[in-house]
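Peer 1: As given, the protein sequences belong to chains A and E, one line each in that order.
If you number the first sequence the way our numbering does, the last residue is 162 and the count never jumps.
If you number the second sequence the way our numbering does, the last residue is 1162 and the count never jumps.
Using N, Cα and C, we set each Cβ at its ideal position, and we do this for glycine too.
My questions all concern the structure below.
There are 2 protein chains.
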Amino acid sequence: MQLGKGVEWTAHICAMLPLVPPGRGLSVDALADYFEVPSAYLAKQMQLLRRAGIVQSVRGKGGGYRLARPIDEISLLDLVTAIEGPTPAFRCTEIRQNGPCGLKRKDCRRPCEIASAFAEAERAYRAALASRSLASIAQEVAVNASPEHLLDIAGWVQRQVG
Amino acid sequence: MQLGKGVEWTAHICAMLPLVPPGRGLSVDALADYFEVPSAYLAKQMQLLRRAGIVQSVRGKGGGYRLARPIDEISLLDLVTAIEGPTPAFRCTEIRQNGPCGLKRKDCRRPCEIASAFAEAERAYRAALASRSLASIAQEVAVNASPEHLLDIAGWVQRQVG
DNA sequence: GCGTCCCTACTCGGATACACGATGTCCGAGTTGGGCGGG
DNA sequence: CCCGCCCAACTCGGACATCGTGTATCCGAGTAGGGACGC
């Protein structure tokens, strides 16, 4: 049970994207250089974000990616759902209906107790992720970082959008 | 991000194991037949449970598996940890230290905000699983099942331990 | 008849294949911006 | 000098390989139980 690397990558990226000026974008290559991750694979993850409506893409010279909506309207759950898909981690295959003592379908009106317990736990997980917006994370980062580092980042973005 | 099938299988199995008389066990083949799952692969999962101290194994004729401790001292979290391992789902690779604007190690005394947020969510997930003992689940199943079904199961166990 | 030894059947246990999804890569589609030529 | 067209560079977008983990399987190790043999 592992989350894909794309979750970490895109979380860091979305926390930085608000720094790009309106109307401009950051290319996949630039983002990949910034975090030292393979650009072609990062592109794949950015596609997922675009389809989920989290970022917008602009083609052609000077194009790239930018956030599709205000950062405080993007939660960590949105990211995870976009990258990993909406499928729950626990897959109930209804094995209680199998074998010599299997329940008949008509006796399965109540959901499987085990599946329910896992669903409840996942609800708690998703609720925790949904309650954390990327804005709150970006703010924490900004508060804890040194002023020089923030200037460093702003300068890099400036050079990219040239 | 998917949990292995072993989690579902062993959860159902552990909920049934208390029915076996003290001193006896159920063989992997019997359990595999009961739930219609591949016995050789189920054996692998039972090994993990044994190493985690959840079940005991007895070799030789009439042997098999039985619970190693009272069922109310086994939580769903114990099962998940035994099968999936203790590794968190979110893997922080510290990419904030990468690239042209990467933080230096000495500036990383505070943990990564993103990793912290995911760790918090996983704590909620694990807490929910830890609070559900297999005893409570087995009881719910028993309460909701029909008397015939319970007798059916008891008879099957009786035939297995012969 | 009784005790002991051996043998066999049964079960676990770890080493060994296979498959599918995550990871990583490549080339074509589409768009913008600027350069170049003509007016 | 100004306008418009064309070209080329740049970027996204989806199709194509590769690798690792989950899934599945097999055969050897170990044990208990019973039967046979001897006393």
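For Leu77/A, does the three-state DSSP call read helix, strand or coil?
Peer 2: Taking the first sequence and counting its residues from 1, one reaches residue 77/A at position 77. DSSP places Leu77/A in helix when its eight states are reduced to three.
Peer 1: Taking a contact to mean a Cβ-Cβ separation below 8 Å, would you say Asp1152/E touches Gly99/A in this structure?
Peer 2: Within the second sequence, numbered from 1, the residue matching residue 1152/E stands at position 152. Within the first sequence, numbered from 1, the residue matching residue 99/A stands at position 99. No, the pair does not count as a contact, with Cβ atoms beyond the cut-off.
Peer 1: Using a Cβ-Cβ distance under 8 Å, would Pro21/A count as near chain E?
Peer 2: The residue labelled residue 21/A in the question sits at position 21 within the first sequence. False, the Cβ-Cβ gap to chain E never drops below 8 Å.
Peer 1: Consult DSSP for Arg66/A and reduce its assignment to one of helix, strand or coil.
Peer 2: Working through the first sequence from its first residue, we reach residue 66/A at position 66. It is a strand residue.
Peer 1: Please state the DSSP three-state secondary structure of Ser1133/E.
Peer 2: In the second sequence, counting from the first residue as 1, residue 1133/E sits at position 133. The three-state reading of DSSP puts Ser1133/E in strand, counting E and B together.
Peer 1: By how many angstroms is the C-alpha of Val1007/E removed from the C-alpha of Gln1047/E?
Peer 2: Counted from its first residue, the second sequence places residue 1047/E at position 47. Counted from its first residue, the second sequence places residue 1007/E at position 7. Rounded to the nearest angstrom, the two C-alpha atoms are 13 Å apart.
Peer 1: Give the range of the alpha helix (DSSP H) segment to which Ser1039/E is assigned.
Peer 2: Residue mapping note: residue 1039/E aligns to position 39 of the second sequence, counting from 1. Residues Ser1039 to Arg1051.
Peer 1: If you measure beta-carbon to beta-carbon, which residues of the segment 1043-1060 of chain E are closer than 9 Å to chain A?
Peer 2: Per Cβ criterion, the list is empty.
Peer 1: I'd like to know whether the C-beta atoms of Ala128/A and Ala1121/E end up nearer to each other than 8 Å.
Peer 2: In the first sequence, counting from the first residue as 1, residue 128/A sits at position 128. In the second sequence, counting from the first residue as 1, residue 1121/E sits at position 121. Yes, Cβ-Cβ distance for Ala128/A and Ala1121/E is below 8 Å.
Peer 1: Indicate whether at least one CB of chain A lies closer than 8 Å to the CB of Asp1033/E.
Peer 2: The residue you call residue 1033/E lines up with position 33 of the second sequence. For Asp1033/E, the answer is yes, since a Cβ of chain A falls inside 8 Å of its Cβ.
Peer 1: Counting only the same chain and skipping the five closest in sequence on each side, list residues whose C-beta sits under 8 Å from that of Leu1103/E.
Peer 2: Taking the second sequence and counting its residues from 1, one reaches residue 1103/E at position 103. Within the same chain, Leu1103/E has close Cβ partners Arg1096 and Gln1097.
Peer 1: So Ala1119/E and Ile137/A are in contact, right, with Cβ under 8 Å, and what is the actual spacing, rounded?
Peer 2: For the purposes of this step, residue 1119/E is taken as residue 119 along the second sequence, with counting starting at 1. For the purposes of this step, residue 137/A is taken as residue 137 along the first sequence, with counting starting at 1. Wrong, their Cβ atoms sit about 13 Å apart, outside the cutoff.
Peer 1: If I'm right that Tyr65/A touches Leu26/A with Cβ under 8 Å, what's the distance once you round it to whole angstroms?
Peer 2: Here residue 65/A refers to the residue found at position 65 when the first sequence is read from its first residue. Here residue 26/A refers to the residue found at position 26 when the first sequence is read from its first residue. The beta-carbon distance between Tyr65/A and Leu26/A, rounded to whole angstroms, is 6 Å. This is short enough to meet the 8 Å contact definition.
Peer 1: Could you check which residue in Ser1131/E, Ala1068/E and Leu1134/E has the C-alpha nearest to that of Arg1024/E?
Peer 2: To locate residue 1024/E, count along the second sequence from 1; it is residue 24. Here the closest residue by C-alpha is Ala1068/E.
Peer 1: Can you give the Cα-Cα distance for Glu148/A and Ala82/A, rounded to whole angstroms?
Peer 2: Taking the first sequence and counting its residues from 1, one reaches residue 148/A at position 148. Taking the first sequence and counting its residues from 1, one reaches residue 82/A at position 82. Each residue's alpha carbon lies about 33 Å from the other.
Peer 1: What does DSSP give as the partner residue(s) for Gln1056/E in the beta ladder?
Peer 2: Locating residue 1056/E in the second sequence gives position 56, counting from the first residue. Its beta-bridge partners are Arg1066/E.
Peer 1: What whole-angstrom Cβ distance do Ser75/A and Ser133/A have, given they're in contact under 8 Å?
Peer 2: The sequence position of residue 75/A within the first sequence is 75, counting from 1. The sequence position of residue 133/A within the first sequence is 133, counting from 1. Yes, they are in contact, since the Cβ atoms of Ser75/A and Ser133/A sit about 5 Å apart, within 8 Å.
Peer 1: Would you mind working out which of Glu140/A, Val80/A, Ala154/A and Lys106/A sits nearest Ala130/A, comparing C-alpha positions?
Peer 2: Start at 1 with the first residue of the first sequence, and residue 130/A comes out as number 130. Out of Glu140/A, Val80/A, Ala154/A and Lys106/A, Val80/A has the C-alpha closest to the C-alpha of Ala130/A.
Peer 1: Say whether chain A places a C-beta atom closer than 8 Å to the C-beta of Asp1107/E.
Peer 2: One-based indexing of the second sequence puts residue 1107/E at position 107. Closer than 8 Å to some Cβ of chain A, the Cβ of Asp1107/E qualifies, so yes.
Peer 1: How many angstroms separate the CA atom of Lys106/A from the CA atom of Val58/A?
Peer 2: Indexing the first sequence from 1 puts residue 106/A at position 106. Indexing the first sequence from 1 puts residue 58/A at position 58. When rounded, the distance between both Cα atoms is 53 Å.
Peer 1: Give me the DSSP bridge partner(s) of Leu1026/E.
Peer 2: For this step, residue 1026/E is matched to residue 26 along the second sequence. Beta-bridge pairing links Leu1026/E to Tyr1065/E.
Peer 1: Find out if the Cβ-Cβ distance for the pair Val28/A, Leu42/A is shorter than 8 Å.
Peer 2: Position 28 of the first sequence holds residue 28/A. Position 42 of the first sequence holds residue 42/A. Contact flag set, yes.
Peer 1: Within the same chain, show all residues whose beta-carbon is closer than 8 Å to that of Cys1112/E, passing over the 5 residues directly before and after it, in chain order.
Peer 2: One-based indexing of the second sequence puts residue 1112/E at position 112. Same-chain partners within the cutoff: Cys1092, Glu1094 and Arg1096.
Peer 1: Which chain A residues are close to Ala1121/E, counting only those with a beta carbon under 7 Å from its beta carbon?
Peer 2: Looking up residue 1121/E in the second sequence gives position 121. Going along chain A in sequence order, the residues near Ala1121/E (Cβ under 7 Å) are Tyr125, Ala128 and Leu129.
Peer 1: Give me the Cα-Cα distance between Asn1144/E and Cys108/A, rounded to the nearest whole angstrom.
Peer 2: Here residue 1144/E corresponds to residue number 144 of the second sequence, with the count starting at 1. Here residue 108/A corresponds to residue number 108 of the first sequence, with the count starting at 1. Roughly 10 Å separates the two Cα atoms.
Peer 1: Could you check how far apart the C-beta atoms of Ala124/A and Leu1003/E are, in whole angstroms? I think they sit under 8 Å.
Peer 2: Here residue 124/A is taken as the residue at index 124 of the first sequence, counted from 1. Here residue 1003/E is taken as the residue at index 3 of the second sequence, counted from 1. So it is not a contact: roughly 15 Å between Cβ atoms.
Peer 1: Just to confirm, is the Cβ distance from Asp72/A to Ala135/A under 8 Å?
Peer 2: Locating residue 72/A in the first sequence gives position 72, counting from the first residue. Locating residue 135/A in the first sequence gives position 135, counting from the first residue. Yes, Cβ-Cβ distance for Asp72/A and Ala135/A is below 8 Å.
Peer 1: Measure from the C-beta of Val1007/E to each C-beta in chain A and report whether the shortest distance is under 8 Å.
Peer 2: Residue 1007/E sits at position 7 when you count from the first residue of the second sequence. Closer than 8 Å to some Cβ of chain A, the Cβ of Val1007/E qualifies, so yes.
Peer 1: For Trp156/A, which of Met1/A, Trp9/A, Lys5/A and Pro21/A has the nearest alpha-carbon?
Peer 2: Against the first sequence, residue 156/A aligns to sequence position 156. With distances taken between Cα atoms, Trp156/A lies closest to Pro21/A.
Peer 1: Between the C-alpha atoms of Val161/A and Met1001/E, what's the straight-line distance to the nearest angstrom?
Peer 2: Start at 1 with the first residue of the first sequence, and residue 161/A comes out as number 161. Start at 1 with the first residue of the second sequence, and residue 1001/E comes out as number 1. The straight-line gap from Cα to Cα measures roughly 35 Å.
Peer 1: Nearest CA to the CA of Met16/A: which residue from Ala1154/E, Lys1061/E and Cys1101/E?
Peer 2: Your numbering for residue 16/A matches position 16 in the first sequence. Per the Cα distances, Cys1101/E.
Peer 1: Given that Ala117/A touches chain E, what residues does it touch there, using C-beta distances under 7 Å?
Peer 2: Position 117 of the first sequence, counted from the first residue, corresponds to residue 117/A. Those are Leu1076, Arg1132 and Ile1137, listed as they occur along chain E.
Peer 1: Any beta-carbon of chain A closer than 8 Å to the one on Asp1152/E?
Peer 2: The count along the second sequence starts at 1 and reaches residue 1152/E at position 152. True, the Cβ-Cβ gap to chain A drops below 8 Å.
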